[in-house]
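Quick note: the sequence shown uses the numbering used here, first residue 47, plus one each step.
For every residue, glycine included, the Cβ atom is placed at its ideal position computed from N, Cα and C.
These figures come from a predicted structure and were not determined experimentally.
What follows is a single structure, written as structure tokens, with notes after it.
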Amino acid sequence: MSRLRRALGGLRVQLLTAHLVVVLVGVVVLLVGIRLATPEFLRQHMAIEQAGAMATTRMAPEMELAVSRAFTAATTDAILVAGVAALAVAFVVSALISERMLVPVRALASASRRIAAGHYAERVPVEQSDEIRDLAHTFNEMAASLEDGERRRRSLIADVAHELRTPVATLEGYAEGLLDGVVPASEETWARLHAEARRLKRLVSDLQEISAVEARQFSLHVTRVDPASISRTAVIRHQSDFAAAALTLAADIPAKVPAIDADPERVLQILANFLSNSLRYTPAGGLVTLAVESEDSIVRFRVTDSGIGISPEHLPHIFERFYRVDTSRSRADGGAGIGLAVAKALAEALGGRISAASAGPGRGSTFTLELPRSGPGGTVARES
Ligand code: ADP
């Protein structure tokens, strides 16, 4: 802090010195110029003036020299006095200007100190000259991104604590009940304990996955793949689960789909997330369809279900981490609201994007994965 204060003091002294040096250099140049040029100019002007005068009124050469010296001395004195006055005025004006220039710098310094102390909502006014305005603007952007990061960190911790509380409390309740002999050591009790432990395990692995995906700590093995065969694999993998839930899983895959450059396992992971959500949120007897289509440089995978649907106010948020439309229902089913956040990050890593649409509650949902045919970097990958 004292270093900052010294730096600010230094900047003010530098500005002041710069202004004073400019005035001083001006005065010195004036003085030297006058001393060098005045005698000759005065002589020339006197010669012109006296050319028309009568011989009796002409000035003697000694007198002319004396006038020239007196004139130079008087001008020098006047410039010295004016120079001192100019330095004094420059000092005052410079102090005012530097004060004005230092106001935003001080605001930035104090805002950074407050941000460093954890007050992330701190911002500085964006005005002043172009450079300072740019600096203030960039500073505010940095502050906003720090605030966002801090908000995410806090919400992650709060969400994790919230998610852990229920299974841990349930486990604790059962353990206490078993110890006190209130809860019978029956098969049902062990099954419930097992289910809670499984939920915890899934939550931990979900957390590991989302942190790895958000930090981009995963590898992509991009090869030339056939979207049709990937879709068929996804359908085959989920067919038995859908049959067990009395749901129909259909495939709508055209005979010819252009190949794409992508990581097949990651594409399958995204499709598996769409399909397992449809399975979870579609009542028995419903229909889920996985369709593939291509358009220009894009291949689109679409999972449409006849399930519970999503109301418009929830749609923009479902890709956020830990976001669940119906918390109680999802918790009972074991969903922590992480699957779609992971799918979104994976799709972006593959150079694509995912989106969701629904006509509203009870009217089904459609989840779409769009991938560029040219792969994540826009370059065509070689077969490997
Ligand atoms: P979860 O593990 O809770 O399913 P997701 O991130 O996969 O987490 O989904 C987030 C939320 O989006 C879900 O809790 C659910 O409310 C909603 N959702 C996802 N897929 C569907 C779907 N096919 N139909 C209705 N709601 C869905």
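Per DSSP, the bridge partner or partners of residue i
i, result
"V345", "S340, L417"
"D272", "Looking at the DSSP assignment, D272 forms no beta bridge with any residue, so it has no partner."
"R278", "DSSP, once it has assigned bridges, lists no residue as partnering R278."
"D226", "Answer is none; D226 lacks a bridge partner."
"I306", "V271"
Beta-carbon proximity list for residue i, same chain, < 6 Å, skipping 5 on both sides
i, result
"V73", "G129"
"K390", "F365, I400"
"A243", "none"
Buried versus exposed call for residue i [16 or more other C-beta atoms within 10 Å across all chains shown]
i, result
"G423", "exposed"
"D194", "exposed"
"S140", "buried"
"E234", "exposed"
"R453", "In the structure as shown, the chain starts at 47 and stops at 430, and residue 453 therefore has no counterpart that could be examined."
"H284", "buried"
Residue from the options with nearest C-alpha to residue i
i, options, result
"L62", "F137, A106, V127", "F137"
"A241", "A83, V214, S156", "V214"
"E187", "R200, E173, R197, R169", "R169"
"P362", "S404, V303, R245", "S404"
"V303", "V149, L225, R270, D309", "R270"
"I276", "L246, E339, F288", "E339"
"H208", "I354, R409, G383, R179", "G383"
"W236", "L224, L246, K247", "L224"
"S322", "A120, L111, L295", "L295"
"A149", "R197, R238, L57, F320", "It is worth fixing the name first, because residue 149 is Val in this sequence and not Ala. Comparing Cα positions, the closest option is L57."
"S175", "A167, A189, T279, I143", "I143"
"R419", "L192, R179, E341", "E341"
"L386", "R409, T414, G408", "T414"
"G353", "A290, N319, E177, T328", "T328"
"L317", "V334, A305, A301", "V334"
"A134", "L70, R179, R146", "L70"
Any non-hydrogen atom of the ligand FAD within 8 Å of residue i CB
i, result
"E222", "The ligand FAD is not part of this structure, which contains only the ligand ADP."
9 Å Cβ cutoff, residue i in contact with chain B
i, result
"G385", "In the structure shown, chain B cannot be found, because there is only a single protein chain."
Any non-hydrogen atom of the ligand ADP closer than 8 Å to residue i Cβ
i, result
"G331", "no"
"A382", "yes"
"V371", "yes"
"I356", "yes"
"T216", "no"
"S201", "no"
"L142", "no"
"E287", "In the sequence on display, residue 287 carries Asp and not Glu. No."
"D205", "no"
"N186", "no"
"T212", "no"
"S257", "no"
"T294", "no"
"L1", "Examination of residue 1 is not possible in this model, given that the chain is present from 47 through 430 alone."
"S340", "no"
"H208", "no"
"S158", "no"
"H284", "no"
"S411", "yes"
"T328", "yes"
Neighbourhood of residue i by C-beta, 7 Å cutoff - its chain only, sequence neighbours within 5 removed
i, result
"A292", "A330, G331"
"A258", "F264"
"E416", "I344, R346, G398, R399"
"L77", "T122, I125"
"R278", "A297, I299"
Same chain, Cβ closer than 8 Å to residue i, neighbours up to 5 away in sequence not counted
i, result
"H183", "V172"
"L266", "D309, R312, A395, L396, P422"
"V68", "A136"
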